[in-house]
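2 protein chains.
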Amino acid sequence: MSEGDKALKVALLGCGSVGSQVVRLLTEQAGDLAARVGARVELVGVAVRRLEAQREVEVPADLLTTDAAGLVRGDFAGPVDLVIEVIGGIEPARSLILAALESGASVVTANKALLAEDGSTLFEAAEKAGRDLYYEAAVAGAIPILRPLRESLAGDTVTRVLGIVNGTTNFILDQMDTTGAGFADALEEAQELGYAEADPTADVEGFDAAAKAAILASLAFHTRVTAADVHREGISEVTAADVQSAREMGAVVKLLAICDLRDGAVSARVHPAMIPRAHPLASVRGAFNAVFVESEAAGELMFYGPGAGGAPTASAVLGDLVTVARNRLAETRGAGESSYADRAVLPMGETLTRYHVSIDVDDRPGVLAAVATAFAEQGVSIQTVRQEGREDDAHLVVVSHRATDSALAATVAHLRTMEIVRDVTSVMRVEGGDE
Amino acid sequence: MSEGDKALKVALLGCGSVGSQVVRLLTEQAGDLAARVGARVELVGVAVRRLEAQREVEVPADLLTTDAAGLVRGDFAGPVDLVIEVIGGIEPARSLILAALESGASVVTANKALLAEDGSTLFEAAEKAGRDLYYEAAVAGAIPILRPLRESLAGDTVTRVLGIVNGTTNFILDQMDTTGAGFADALEEAQELGYAEADPTADVEGFDAAAKAAILASLAFHTRVTAADVHREGISEVTAADVQSAREMGAVVKLLAICDLRDGAVSARVHPAMIPRAHPLASVRGAFNAVFVESEAAGELMFYGPGAGGAPTASAVLGDLVTVARNRLAETRGAGESSYADRAVLPMGETLTRYHVSIDVDDRPGVLAAVATAFAEQGVSIQTVRQEGREDDAHLVVVSHRATDSALAATVAHLRTMEIVRDVTSVMRVEGGDE
């Protein structure tokens, strides 16, 4: 099965929950991996911060080192063919990946933060070195997204990507939808169950999702989008009333990463939005992730699975490892990056959205006309208005047609200044519908 | 963008609804394709049955020929680099693909029937010729399945694949579930709407799904499974009462393609089954397809999208074309087949299933005990029994735990012979649950 003594030398950088599962799979699947690659895959070293740390999987002591740079340089077992980076964060991950590529190794990384902040530097280095840089595990964990977007849809034009790419926030919103709980209670439960960190900021404020949105937009539209290009709003302001309001219109609130292609320009944004319950993304429950792709010829596709976790992420890393190892043996490269399109990034104000606006108003004649006029003055067309009278005041729920985000924001700002408007109690975007 | 005058010559075999969309995409996407491949992709000929036929897309007359063999041989524009086969059926498709590979061309095919009947011959020919044979469009239309199973999960072990891989039957069953209609009425509606053929046999009797099950099992388990290995039951016997019964237990009836790996052996089967409404496959509506994959490390993944249609299928064909074209330029091959596992195929009787059995019985003491004994005698454990008394008879609904299909079949056969059993009114397998 293996071709003589040929073996590919693999260095693993990082041995946390993902890294230790990578070690486990490399060991347990050694036979299958050799068959699929066409050569033995040999783990020659594991760079860790502390030699003595507690690990999910036992790693032979002679493989462990705290000298990641030395391991990449080949000080330990000679030149390394493949480097797996699962340290995360910007540095030292970036320097190590660049050193690996320069020394002629192919690289597999799960590092979404680094790719979203400075992917260009990495991809250029890979291009220059003529080596592969694969990163399936960086977007939506184990869900295969990289090859579908980069290869399967290479003859098609992707126009939109809608993703539920953060399991923590999906768990919280799902709890709020199922139990009627408020954000704080749902977050607490997520923390108790291990779905949310003690400091949940990166998840609930959308930073994690924004990094993934940047990577998804880059992949889908063959251009460069960084995390700084992504408009970002988290879910900490989402109330039980918003979730209830969504329910009343047959919708559910999700934190979406939305990447659009319009007139040759792209936009990428992360914010909570209402989507119809009949939309495939609405059925994504708990901590699961999904990426919904719209393309001109293929139509609507969805990819669903676990977005995080040691073993699922390690599965994605190993899939990449097999591909780059095969390419290495064949002395070729994979489809690689295709950032030829170099598209403009639209500011949030120019993106097209729909709004769901809840307004407390005085209950007197002419109120509805005045509110409708406020929308019309900004050129925003109203799809539905629902009025609920309550003693001496009334409550209006307005759902707009698609308009620019800036026109909608201006409308809401104007509403807040109107005498008859007591309060704009909630504003939320609506996605996944027709108009 | 294109590398000088370098162009890859493409021959298209077949120009029906998929072929004409391939022509359209090759033309409209020419610039993007050249950027993604690294060379111009030039359509040099289109083999058709009749030159004068009506086509969805206009094809330049000088590209059309009725001499498919001559086109593949290079009689028209010299040697061909890439051959796309969208004729379908066994012959002449097989001979043309073999001739293409022998002459040094790489091949992209959408031909599920041929792959399921005689994939080995094609894969061996591709191996011998050192050329690519890609077939994403042959399974679940536009849904990317090939690369996820063959590459993304190459470092993992797939244990089970559950697929809704036939849009016609899913449409019919969805109608029955939504409207309460019987099979005949739902079929008629599907025919009126163009979702079912005038002769619906290939779809409703599960032949189409069985071919796809064979391909999925081969891909997922790195072995060879042919259509003849697949146990096949269609949906023509599914009644409105079955669908109602499923609803009562919180389930929905779907035609499933099920591929299992157990103790190193595989099984593949197609039959209607009840699955819980909370299962991701239950939310696959209308004519959509989905493939649900269970693997050891990644856990549960699902791939969803349109399973048929000219443009979606053409999108899958073009994605393959870009990959094989890139490989052609790099003088390498893709991951290709990996049928190294050579696994035994379990007969249907040995596969593990659960049964939902509806029984009309005499309403007298001891009936439940007698029925329970019939299950126990075959070693089949009962999960739930629901009894509904009706005048002088009673109705029992039994759901079993997992047991071999032969033990369950023997139980049902025995029930039918029992004096107290008036009729076994329905037997259906249950999938997607825990036990």
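As given, the protein sequences belong to chains A and B, one line each in that order.
In terms of my numbering, the first sequence is residues 1 to 435.
In terms of my numbering, the second sequence is residues 1001 to 1435.
We treat Cβ as the ideally placed atom computed from N, Cα and C, and that holds for glycine.
Extract the residue ranges of the beta strand (DSSP E) inside the region 1357-1393 of chain B, only unbroken runs of 3 or more that lie entirely within it. Annotation note: the region 1357-1393 of chain B contains the following uninterrupted beta strand (DSSP E) runs of length 3 or greater, listed N- to C-terminal: 1382-1390.
Under a CB-based cut-off of 8 Å, is GLY4 (chain A) close to chain B? Its pLDDT being 49, under 50, GLY4 (chain A) is placed unreliably in this model, and the value from its coordinates should be taken loosely. For GLY4 (chain A), the answer is no, since every Cβ of chain B falls outside 8 Å of its Cβ.
What did DSSP end up calling GLY1045 (chain B) once you bin it into helix, strand or coil? GLY1045 (chain B): strand per DSSP, three-state reduction.
I'd like to confirm something about ALA1213 (chain B): is its beta-carbon nearer than 7 Å to some heavy atom of the ligand NAP, or not? This structure lacks the ligand NAP, and indeed carries no ligand of any kind.
Using a cut-off of 9 Å between C-beta atoms, extract the partners of LEU33 (chain A) located in chain B. Chain B residues near LEU33 (chain A): ALA1154 and GLY1155.
Leaving out the 5 sequence neighbours to the left and right, which residues in its chain are closer than 6 Å to ALA353 (chain A) when beta-carbon positions are compared? The question names Ala, yet the displayed sequence has Thr at residue 353 (chain A). These residues qualify, in order along the chain: ASP405 and ARG429.
Do you know how far the Cα of GLY299 (chain A) is from the Cα of MET1348 (chain B)? Taking the CA atoms as reference points, MET1348 (chain B) sits about 36 Å from GLY299 (chain A).
Grab the span of the alpha helix (DSSP H) containing THR417 (chain A) for me, first residue to last. Its alpha helix (DSSP H) spans residues 405-417.
ALA11 (chain A) vs VAL44 (chain A) beta-carbon contact at 8 Å: Yes, Cβ-Cβ distance for ALA11 (chain A) and VAL44 (chain A) is below 8 Å.
Leaving out five residues on either side along the sequence, give the residues of the same chain with a beta carbon under 6 Å from the beta carbon of ALA403 (chain A). VAL380.
To the nearest whole angstrom, what separates the beta carbons of GLU1085 (chain B) and ALA1093 (chain B), a pair I think is in contact under 8 Å? Here GLU1085 (chain B) really is in contact with ALA1093 (chain B); their C-beta atoms are around 6 Å apart, less than 8 Å.
Simplified DSSP assignment, three categories, for GLY1004 (chain B): Note that GLY1004 (chain B) has pLDDT 49, beneath the 50 cutoff, so the model's placement of it is unreliable and the number below is only indicative. Three-state result, GLY1004 (chain B): coil.
Please report the Cβ distance between ALA297 (chain A) and PRO1312 (chain B), rounded to the nearest whole angstrom; I am assuming they are in contact, meaning their Cβ atoms lie under 8 Å. The beta carbons of ALA297 (chain A) and PRO1312 (chain B) sit about 6 Å from each other, so the pair counts as a contact at 8 Å.
Where DSSP assigns a beta bridge to LEU1255 (chain B), which residues make up the other side? Partner residues in the beta bridge of LEU1255 (chain B), as assigned by DSSP, are B:PRO1272.
Burial state of SER1218 (chain B), where buried means 16 or more other Cβ atoms lie within 10 Å: With at least 16 other beta carbons inside 10 angstroms of its own, SER1218 (chain B) counts as buried.
If you draw a straight line from the alpha carbon of ALA278 (chain A) to that of LEU1146 (chain B), how long is it in whole angstroms? Taking the straight line joining both Cα atoms gives about 28 Å.
Note down the Cα distance separating SER1002 (chain B) from VAL1108 (chain B), rounded to an integer number of angstroms. The predicted model places SER1002 (chain B) with a pLDDT of 37, which falls under 50 and marks its position as unreliable; any figure quoted below should be read in that light. Each residue's alpha carbon lies about 22 Å from the other.
Partner residues on chain A for TYR1304 (chain B), Cβ-Cβ distance less than 9 Å: Chain A residues near TYR1304 (chain B): PRO280, ALA290, PHE292, GLU300, LEU301, MET302, PHE303 and TYR304.
Outcome for GLU1151 (chain B) when other beta-carbon atoms lying within 10 angstroms are tallied against a minimum of 16: That one is buried.
Among all the DSSP beta bridges, which residues are the ones paired with MET1302 (chain B)? As DSSP reads the structure, MET1302 (chain B) sits in a beta bridge with A:TYR304 and B:PHE1292.
Anyone know if the C-beta pair for ASP496 (chain A) and LEU1318 (chain B) falls short of 8 Å? Here chain A comprises residues numbered 1 to 435, so residue 496 (chain A) is not present and cannot be evaluated.
Compare the C-beta of THR223 (chain A) with all C-beta atoms of chain B and state if any pair is closer than 8 Å. Not one chain B Cβ lies under 8 Å of THR223 (chain A).
Is it buried or exposed for ASP242 (chain A), if we count other Cβ within 10 angstroms and need 16 for buried? Burial call: buried.
Please work out which residues of its chain come closer than 7 Å, Cβ to Cβ, to ALA1211 (chain B), disregarding the five sequence neighbours upstream and downstream, and give them in chain order. Closer than 7 Å at Cβ, skipping near neighbours: LYS1112, ALA1113, ALA1116 and ALA1227.
Under 7 Å Cβ-Cβ, which residues of chain B neighbour THR332 (chain A)? Chain B residues near THR332 (chain A): ALA1330 and THR1332.
Check the Cβ-Cβ distances between ALA1455 (chain B) and every residue of chain A, and say whether any is below 8 Å. For chain B, the structure presents residues 1001 to 1435; residue 1455 (chain B) sits outside this window and is missing.
By alpha-carbon positions, which one of A:PHE303, A:ARG386 and A:VAL324 ends up nearest to GLU248 (chain A)? From the listed residues A:PHE303, A:ARG386 and A:VAL324, the smallest Cα separation to GLU248 (chain A) is found for A:ARG386.
Which residues in chain A sit within 9 Å of GLU1085 (chain B), going by Cβ to Cβ distance? Going along chain A, no residue has its Cβ under 9 Å from GLU1085 (chain B), so there is no contact; the nearest lies around 16 Å.
4-residue-minimum alpha helix (DSSP H) runs that sit fully inside the region 182-267 of chain A, ordered along the chain: Whole alpha helix (DSSP H) segments, 4+ residues: 183-192, 201-204, 207-221 and 240-248.
Just to confirm, is the Cβ distance from ALA1209 (chain B) to VAL1225 (chain B) under 8 Å? In this structure, VAL1225 (chain B) does not lie closer than 8 Å to ALA1209 (chain B) by Cβ.
With a 10 Å radius around its C-beta and 16 neighbouring C-beta atoms as the bar for buried, classify LYS9 (chain A) as buried or exposed. Only buried fits LYS9 (chain A), as 16 or more other CB atoms lie within 10 angstroms of its CB.
Distance between PHE375 (chain A) and ARG382 (chain A) (C-alpha atoms, nearest Å): Reading off the sequence shown, one finds Ile at residue 382 (chain A), where the question assumed Arg. Distance from the CA of ILE382 (chain A) to the CA of PHE375 (chain A), rounded to the nearest whole angstrom, comes to 7 Å.
Quick check: the Cα distance between THR1508 (chain B) and GLU1388 (chain B), rounded to an integer number of angstroms? Here chain B comprises residues numbered 1001 to 1435, so residue 1508 (chain B) is not present and cannot be evaluated.
Determine the DSSP secondary structure at LEU1162 (chain B), reduced to helix, strand or coil. In the structure shown, LEU1162 (chain B) sits in a strand (DSSP, three-state: E or B).
Nearest-angstrom Cα distance between ARG1422 (chain B) and ASP1363 (chain B)? Rounded to whole angstroms, ARG1422 (chain B) to ASP1363 (chain B) spans 11 Å at the Cα level.
Just the Cα atoms here: how many angstroms apart are LEU1101 (chain B) and VAL1041 (chain B)? Approximately 19 Å, taken between the alpha carbons.
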